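Chains as they are written, first to last, in our numbering: chain Y, 2 to 151; chain A, 185 to 298.
All C-beta atoms in this analysis are idealised placements derived from N, C-alpha and C, irrespective of residue type, glycine included.
These numbers come from a predicted model, not from an experiment.
The structure appears right after this line, and notes come after that.
In structure tokens:
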């Protein structure tokens with residue numbers, strides 16, 4: 002019983018991005034960005050609903066959101082959105098068997114290009130994770146230039 | 185519904201949302217960002233029927249995708265008959281509430297009730 006319970010780490014286990022390498026970090030970032038984007042969606046729908054109360058209410062809401070803090074949050078949302086999209090497409094392709102390589106028994110001497118001894122993803126999938134992170138960083142920089150360039 | 189079908193819906197809503205959200209963002213880039221958020225410009229967007237319909241579709245796609253994603257995370261966290269039922273029905277309820285609230289804004293702003 003105690004051993005069974007030790008495997009149930011719950012929220013703390015889910016929130017830990019370490020231990021399983023880059024794949025785990027991508028899994029963790031995908032969930033974290035998903036939760037962040039859902040929170041933003043709810044906030045965005047609430048924020049835009051102020052338009053039905055007329056110009057004064059809309060301008061008041063803009064005063065709250067069109068600030069430096071508001072723009073920083075929006076920049077973070079842009080980054081989360083781009084990473085979630087790019088990594089999500091990678092996951093979809095992976096579920097379809099695209100880019101995961103052929104399964105094989107790891108035999109000595111291990112083929113490092115297959116990453117069979119260090120992880121379950123091949124180099125194409127691992128590269129896609131890095132590309133997703135890079136795209137998110139680029140989009141955030143572009144977003145900042147647009148938001149703070151006004 | 186089988187989880188495999190739900191995952192297909194999850195992926196389809198994701199791909200649809202990516203395309204439509206790109207159009208939604210491009211609408212903000214047609215002019216200076218802060219200018220595009222002025223009251224008259226936003227109301228004009230809602231009065232444009234194809235754009236309003238697109239917003240409604242985006243709202244549905246993102247709500248379904250978002251709350252299904254949350255449901256998956258919560259089901260990964262803990263299992264149990266009562267818990268799973270609660271999460272499944274709770275997600276559908278939250279999804280419906282968000283769609284209803286967002287649709288109200290689109291409808292009221294679209295027909296000029298603001």
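I want to verify the contact list: residues of chain A whose CB lies under 7 Å from the CB of residue 148 of chain Y, in sequence order.
Correct list: 217.
Which residues mark the beginning and the end of the alpha helix (DSSP H) in which residue 69 of chain Y is found?
Residues 69-96.
Between residue 239 of chain A and residue 290 of chain A, how many whole angstroms is the CB-CB distance? I'm expecting something under 8 Å.
The Cβ separation is near 5 Å, so the contact holds.
Can you tell me whether DSSP reads residue 62 of chain Y as helix, strand or coil?
Residue 62 of chain Y falls in the helix class under three-state DSSP.
Exposed or buried, which one is residue 242 of chain A when buried takes at least 16 other CB atoms within 10 Å?
Residue 242 of chain A should be labelled buried.
Please name the residue in Y/51, Y/70 and Y/69 whose C-alpha comes closest to that of residue 61 of chain Y.
Ranking the options by Cα distance to residue 61 of chain Y, first place goes to Y/51.
Give the single residue among A/285, A/270 and A/190 whose Cα lies nearest to the Cα of residue 49 of chain Y.
The shortest Cα separation from residue 49 of chain Y among A/285, A/270 and A/190 belongs to A/285.
Relative to the C-alpha of residue 8 of chain Y, which candidate in A/293, A/273, A/261 and A/190 has its C-alpha closest?
Nearest C-alpha to residue 8 of chain Y: A/261.
Just to make sure I have the definition right: I need the residues of chain A whose C-beta is within less than 7 Å of the C-beta of residue 49 of chain Y. Which are they?
Neighbours of residue 49 of chain Y on chain A, chain order: 289.
Roughly how many angstroms separate the alpha carbons of residue 222 of chain A and residue 281 of chain A, rounded to a whole number?
Looking at the two C-alpha atoms, the distance is approximately 28 Å.
Can you pull the chain A residues whose beta carbon is under 8 Å from the beta carbon of residue 43 of chain Y, in chain order?
Correct list: 282.
Hey, residue 194 of chain A and residue 272 of chain A: beta-carbon distance below 8 Å or not?
Cβ distance not < 8 Å, so residue 194 of chain A and residue 272 of chain A don't count as in contact.
Report yes or no: do the stretch 217-234 of chain A and the stretch 57-77 of chain Y share at least 3 C-beta pairs separated by less than 8 Å?
Flag = yes, the stretch 217-234 of chain A and the stretch 57-77 of chain Y touch.
Considering only the beta carbon of each residue, do residue 81 of chain Y and residue 37 of chain Y sit closer than 8 Å?
For residue 81 of chain Y and residue 37 of chain Y, yes; Cβs fall inside 8 Å.
Name, please, each residue of chain Y whose Cβ falls closer than 9 Å to the Cβ of residue 257 of chain A.
Going along chain Y in sequence order, the residues near residue 257 of chain A (Cβ under 9 Å) are 15, 32, 35 and 36.
Given residue 249 of chain A, which residues of its chain have a CB within under 8 Å of its CB, disregarding the five upstream and five downstream residues?
Here the set comprises 194, 197, 198 and 201.
Going by other Cβ atoms of all chains shown within 10 Å of its Cβ, with 16 needed for buried, is residue 188 of chain A buried or exposed?
Counting Cβ neighbours within 10 Å, residue 188 of chain A comes out exposed, since fewer than 16 surround it.
Excluding sequence positions up to five away, which residues of its chain have a Cβ less than 8 Å from the Cβ of residue 204 of chain A?
The answer, listed in chain order, is 238, 241, 242 and 245.
What do you get for residue 76 of chain Y, buried or exposed, if any count of 16 or more other CB atoms within 10 angstroms of its CB means buried?
Buried: at least 16 other Cβ atoms inside 10 Å.
Name the two residues that bound the continuous alpha helix (DSSP H) containing residue 213 of chain A.
Looking at the DSSP string, residue 213 of chain A is not in any alpha helix (DSSP H), and its letter there is neither H nor E.
Quick check: is the beta carbon of residue 65 of chain Y nearer than 8 Å to any beta carbon in chain A?
No, residue 65 of chain Y lies away from the interface with chain A (no Cβ there is under 8 Å from its Cβ).
Kindly indicate if chain A contains any beta-carbon less than 8 Å away from that of residue 81 of chain Y.
False, the Cβ-Cβ gap to chain A never drops below 8 Å.
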